[in-house]
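Numbering (UniProt numbering), first residue to last: 1 to 537. Beta carbons: idealized from backbone N, C-alpha and C, even for Gly. Following: one structure in structure tokens, then a few remarks.
Okay, here's the thing in structure tokens:
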């Protein structure tokens, strides 16, 4: 027991070891560490962030969003087509002729339920010796109305010129005191019938556009709407230039030559020349031997026509130089097109919507050459199909159909340009992360300028030129490469790019700043405690 006590006593008197503290930090070293940390943050905040912001900021050119939306909503332009019709009545006194024109105009206004389509009659003076002056007077007219006396009222539209010949009974000229006239009503009905298809097509285009219902001026029947829908689906989209490809395919070794150049110049060139003010055309030809069609049946039914073209093996020309291609194929073989209707003879051609036309040519197997005369019927058929594919109206004389085509295409391009501008105006604010280059703003400004000019000249060929430029500029601006690429760059990708860079750099900076703040607070407390103790002494 004593030994245990002696052993415990010295243990209780031994002092516990005290942890050795580091020497106090000198004030100069504290300031140096503070200056180092603050210098890093100074570089980050004053130099790094502005440079990063400048180099990564997205340039967004100012766009006239309000004007763009006004065009898209139909508030900037209400399509109106002022069509002037010259009236010539050499056998009627001037006063009576003026009165007949006024009565006809009133009857025409009553019949017209499409206010955007203005048919305006203009009395032309009697022809004098200098016929050149009369030609100048009718230069702005889409139609010339000739009144000649006869036995009964009749009307005939010239197939080669925009001239409507009206034969009237001698006693049908209204007196100066009459408020109505049967002849005026008859003329108004004829004019309304001539331009009814154009009115329906333009009204349909307006109804299918993004414009509000207030811009749709004419109600169309369900049957008319379906017919116009098929016509729109069948026709090609407007382009200033089309590439025409004429191909001769045969299932054997003959025929192997054809007079296609002479046939095109004789039968196809007149159609291309009248279309020249609206479209340009380039032409190429080819011959393909041992060409197997997609359908081997000798009698082709309606179901076979869609798969007749053997696109996998036939070298059909694609779009060349950016221009859409219209294919015209002549196939020499023993196939015919059957019909379920016994009253209808078997046809030899059919049209493929937005693609071209096919003609089945029956040619003697022994003849190695296809002459110009043998190509007459196919090329005449191709000419008619080309007009249909370009969206030409079905009724009326060819000059009137082409002038109508100009106004229809102008309306279509104007509506498409307005729709593109509206889409871009709605897309820009909803996606603030996409850039808007300066060339996009310049293209939109150019498109708006040409849209205004096109709206002011909807009735003439000048409007088509401005509408085409406006549509091209609007489409080019909407599908700008730098904008389209950023549409598919979400914010998650930015986080994935910046996080590996900011993590290793940001963590030491933030921790160093936090520790320095803690040390500063600790030093402040120590100084306050020391000052308090001095006051107590």
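query                                                                                                                                                                   : result
Using 10 angstroms around the beta-carbon of residue 258, count the other beta-carbons present and answer buried if the total reaches 16, otherwise exposed.            : buried
Using the Cβ count rule (16 or more neighbours within 10 Å means buried), how would you classify residue 42?                                                            : exposed
From residue 248 to residue 286, what does the alpha carbon distance come to, in whole angstroms?                                                                       : 6 Å
Need the endpoints of the alpha helix (DSSP H) that residue 192 sits in, please.                                                                                        : 182-207
Jot down the residue ranges of each uninterrupted beta strand (DSSP E) in the region 71-101, minimum 3 residues, whole runs only, in chain order.                       : 81-88
Can you name the start and end residues of the alpha helix (DSSP H) that residue 449 belongs to?                                                                        : 438-456
Give the DSSP-derived three-state secondary structure of residue 371 in the structure shown.                                                                            : coil
In angstroms with no decimal places, state the Cα-to-Cα distance between residue 376 and residue 264.                                                                   : 9 Å
So residue 301 and residue 338 are in contact, right, with Cβ under 8 Å, and what is the actual spacing, rounded?                                                       : 6 Å
In whole angstroms, what is the alpha-carbon distance linking residue 232 and residue 204?                                                                              : 10 Å
Locate the beta strand (DSSP E) running through residue 383, then write down its first and last residues.                                                               : Residue 383 -> not in any beta strand (DSSP E); alpha helix (DSSP H) instead, spanning 376-389.
Tell me whether residue 28 is buried or exposed, calling it buried when 16 or more other Cβ atoms sit within 10 Å of its Cβ.                                            : exposed
When you compare only the Cα positions, how much space is there between residue 502 and residue 416?                                                                    : 47 Å
Is the CB of residue 509 under 7 Å away from at least one CB in chain D?                                                                                                : Checking the listed chains, one finds no chain D in this structure; it contains a single protein chain.
Short check: CB of residue 289 to CB of residue 332, under 7 Å?                                                                                                         : no
Residue 188: buried (16+ other C-beta within 10 angstroms of its C-beta) or exposed?                                                                                    : buried
If we count Cβ pairs, one from each stretch, closer than 8 Å, do we get three or more for the region 237-244 versus the region 321-328?                                 : yes
I'd like to confirm the pairing. Which residues does DSSP put opposite residue 258 in its beta bridges?                                                                 : 370
Could you check the C-alpha separation between residue 78 and residue 308 for me, to the nearest Å?                                                                     : 45 Å
Of all the options 25, 39, 68, which has the alpha carbon lying nearest to the alpha carbon of residue 443?                                                             : 68
For residue 37, which residues from the same chain have a beta carbon less than 7 Å from its beta carbon, with the 5 sequence-adjacent residues on both sides left out? : 512, 513, 516
Given this structure, state the Cα-to-Cα distance separating residue 151 from residue 157, to the nearest angstrom.                                                     : 18 Å
My assumption, with CB atoms under 8 Å, is that residue 357 sits in contact with residue 382. Please give the rounded CB distance.                                      : 6 Å
Taking all protein chains shown into account, decide if residue 195 is buried (16 or more other Cβ within 10 angstroms of its Cβ) or exposed.                           : buried
Take residue 477 as the anchor and find which of 282, 182, 435 has the nearest alpha-carbon.                                                                            : 435
Going along the chain, which residues of its own chain have a beta-carbon closer than 7 Å to the beta-carbon of residue 334, five neighbours each way excluded?         : 298
Would you mind giving the Cβ-Cβ distance between residue 173 and residue 145, rounded to the nearest angstrom? I have them listed as a contact below 8 Å.               : About 15 Å; that fails the 8 Å criterion.
My output table needs one value for residue 60: the three-state DSSP class, helix, strand or coil.                                                                      : strand
Would you decide whether residue 412 is buried or exposed? Buried here means 16 or more other CB atoms lie within 10 Å of its CB.                                       : buried
Measuring CA to CA, which of 305, 482, 371, 95 is closest to residue 348?                                                                                               : 305
What do you reckon, are the CB atoms on residue 447 and residue 474 nearer than 7 Å?                                                                                    : yes
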